[in-house]
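Take the sequence shown: its letters are residues 1 to 404, numbered as in UniProt numbering. By construction, the Cβ of each residue, glycine as well, lies at the ideal position given by its N, Cα and C atoms. Given the structure is predicted, the values throughout are model-derived calculations rather than measurements.
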Amino acid sequence: MREIVLINITGEDRPGLTAALTGVLLQGGVNILDIGLAVMHGTLSFGILVDIPDNEVATALLQSVQSKAHELNLQARYTPISEEDYQQWVDGHGDNRHIVTLLSRKVTPAQLQRVSALISQYGLTIERIERLSARVALDAPTEQGRACLEISVRGEPTDPQALRAEFFALSSEQGVDIAFQQDDLFRRNRRLAVFDMDSTLIEAEVIDELAKAAGVGEQVSAITERAMRGELDFRASFKERMALLKGLDVGVLDEIGASLRLTEGAEHLFAELKRLGYKTAILSGGFSYFARQVQARLGIDYVFANELEVVDGKVTGVAVEPIVDAQRKADLLQELAIKEGLQLEQTIAVGDGANDLPMLSLAGLGVAFRAKPLVRQSAKQAISTLGLDGVLYLLGWRDRNGCA
């Protein structure tokens, strides 16, 4: 009679252990059904599920494994698995998989406990937890830290919308970003990434900077803030703000452009996206004059933004059509996907304002970056704790080897 046995080996890791242990299994026509190995701080955890043809072979084989483990100063433990339990495990292979990603400056036990409790509460089973972020020195400043855990779960949540709402509430409470994605082919096969510019790629709203130079800073900033929160129609608010800039001397543009700072993580993100073969684009309700400067700094492929009309060295205050508003951004995302021969599931969109929501909802991965609560809650995913390169973690990218 056959025996199905789970063999667990633990102990101090060193080269050659896997070969030595699997070498024992060469006898008796053993079939390997599953295998997993992890090393944490020099400690090996090795599991192997085997199908052994009959009891006599099983007894001799397990004695040999025990002897080899003792010889290598390792601990071996055996767990018999019934054919019924094994068949249930096989049948579960077709279950849906999801990825829960925790991003923070520093992951705490409270964050992980609360997230894992919600995963269980909504009928999901954790299969794997892996750290994607690099090892951190004990004395590293927390504000400069990067911590990311990727949790692979099996099953379908009993109430997906309620689970997302719970994750959102927990994110705000615990200071951690929690992403929840389907673990499918597209997650690692995206090839186009589009970005808002102001307060996403750069740490400023350019129209507010122009307004300061024109002496109408407070008026324009108030309108911008309301538009970002979704309280005002973008097109109407854009035209209103543009009118307030009438007469601004074009000479201030270079000065403002030179003062613009890239967002934390932007350079790293674009370097990696380029290395991975992505096409990138700016889809901005800001101005092409400044977007082209950002394009040059980050090596971006496409730029679509608003034109700043200037006559006789002065800004006219007229909004030049077509205005890149919420719908225009969504349309441009679709056009670029078609141009590059991609499905929308293969695209990424990142932005911070209400006018970014249509493109965020269309993209395979839509990320609200350091956004207002309404935008964060409405987007598929949100990052507020880390820099822009936190997007890489949502693709399964690992710090230790720079690969997805």
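Check: Assign Ala296 to buried or exposed, taking buried as 16 or more other Cβ atoms, counted over all protein chains shown, within 10 Å of its Cβ.; Outcome: exposed
Check: Using a Cβ-Cβ cutoff of less than 8 Å, which residues in the same chain neighbour Phe270 once the five nearest sequence positions on both sides are dropped?; Outcome: Thr280, Leu298, Gly299, Ile300
Check: Could you tell me whether the Cβ atoms of Asn8 and Tyr122 are closer together than 9 Å?; Outcome: no
Check: Rounded to whole angstroms, what is the Cα-Cα separation between Pro141 and Ala227?; Outcome: 35 Å
Check: Taking 9 Å as the threshold (beta carbon to beta carbon), is Met228 in contact with chain D?; Outcome: Looking at the structure shown, chain D is missing, and only one protein chain is on hand.
Check: How many Å lie between Leu210 and Glu203 at the Cα?; Outcome: 14 Å
Check: Quick one: using the 10 Å Cβ neighbour count with 16 as the cut-off for buried, is Met1 buried or exposed?; Outcome: exposed
Check: With DSSP run on the structure shown, which of helix, strand or coil describes Asn55?; Outcome: helix
Check: Within a Cβ cutoff of 8 Å, which residues of the same chain sit near Val5, ignoring the five residues on either side of it in sequence?; Outcome: Leu49, Val50, Ile52, Ala58, Leu62, Tyr78, Thr79, Pro80, Ile81
Check: Please state the DSSP three-state secondary structure of Tyr278.; Outcome: coil
Check: Could you check if Pro125 is buried or exposed, using at least 16 other CB atoms within 10 Å of its CB as the buried criterion?; Outcome: Here the sequence assigns Thr to residue 125, which means Pro is not the residue at that position. Classification for Thr125: exposed.
Check: To the nearest whole angstrom, what separates the beta carbons of Ala371 and Ala349, a pair I think is in contact under 8 Å?; Outcome: Not quite, the Cβ-Cβ distance comes to about 12 Å (not below 8 Å), so this is no contact.
Check: Leaving out five residues before and five after Ala38 in sequence, what residues of the same chain have Cβ atoms less than 7 Å from its Cβ?; Outcome: Ser45
Check: Any idea if Pro322 is buried or exposed, counting beta-carbon neighbours within 10 angstroms, 16 or more meaning buried?; Outcome: exposed
Check: Just to confirm the assignment, what range does the beta strand (DSSP E) spanning Gln182 have?; Outcome: 177-182
Check: Starting from the Cα of Leu394, find the closest Cα among Val107, Ser133, Glu127 and give me that residue.; Outcome: Ser133
Check: Going by Cα to Cα distance, which pick from Leu118, Leu33, Thr43 is closest to Pro15?; Outcome: Thr43
Check: Do you know whose CA, among Gly230, Leu365, Val375, Phe168, lies nearest Asp352's CA?; Outcome: Val375
Check: Identify every residue that forms a DSSP beta bridge with Ala76.; Outcome: Ile9
Check: Excluding the 5 residues flanking Arg164 on each side, which residues of the same chain have their C-beta closer than 7 Å to its C-beta?; Outcome: Phe180
Check: Tell me the DSSP secondary structure of Arg398 in three-state form.; Outcome: strand
Check: Within this structure, are the beta carbons of Leu72 and Gly265 separated by less than 9 Å?; Outcome: no
Check: If you reduce the DSSP assignment to three classes, tell me which class Arg128 lands in.; Outcome: strand
Check: Where Val115 and Pro160 are concerned, what is the direct C-alpha to C-alpha distance, given to the nearest angstrom?; Outcome: 14 Å
Check: For the alpha helix (DSSP H) containing residue 432, list its first residue and its last residue.; Outcome: Here the chain comprises residues numbered 1 to 404, so residue 432 is not present and cannot be evaluated.
Check: Determine the contact status of Gly145 and Met242, defining contact as a CB-CB distance below 9 Å.; Outcome: no
Check: Restricting to Cα atoms, I'd like to know which of Gly396, Tyr86, Arg292, Ala368 is closest to Arg229.; Outcome: Ala368
Check: To the nearest angstrom, how far is the alpha carbon of Val250 from that of Arg292?; Outcome: 16 Å
Check: Do Thr385 and Ser120 have their CB atoms nearer than 9 Å?; Outcome: no
Check: Is DSSP giving Lys339 helix, strand or coil here?; Outcome: helix
Check: Hey, is the segment 211-219 in contact with the segment 338-349, meaning 3+ C-beta pairs nearer than 8 Å?; Outcome: no
Check: What did DSSP end up calling Arg188 once you bin it into helix, strand or coil?; Outcome: helix
Check: If you draw a straight line from the alpha carbon of Ala404 to that of His98, how long is it in whole angstroms?; Outcome: In this prediction, Ala404 scores a pLDDT of 47, lower than 50, which makes its location untrustworthy; the coordinate-derived value is nonetheless stated afterwards. Taking the straight line from one Cα to the other gives about 16 Å.
Check: Using the three-state DSSP reduction, which class does Asp254 fall into: helix, strand or coil?; Outcome: helix
Check: Would you call Gln182 buried or exposed, if buried means 16 or more other Cβ atoms sit within 10 Å of its Cβ?; Outcome: exposed
Check: Run through the segment 257-330 for me and flag every whole beta strand (DSSP E) of 3 or more residues, listed as ranges in chain order.; Outcome: 279-287, 302-306, 308-311, 314-319
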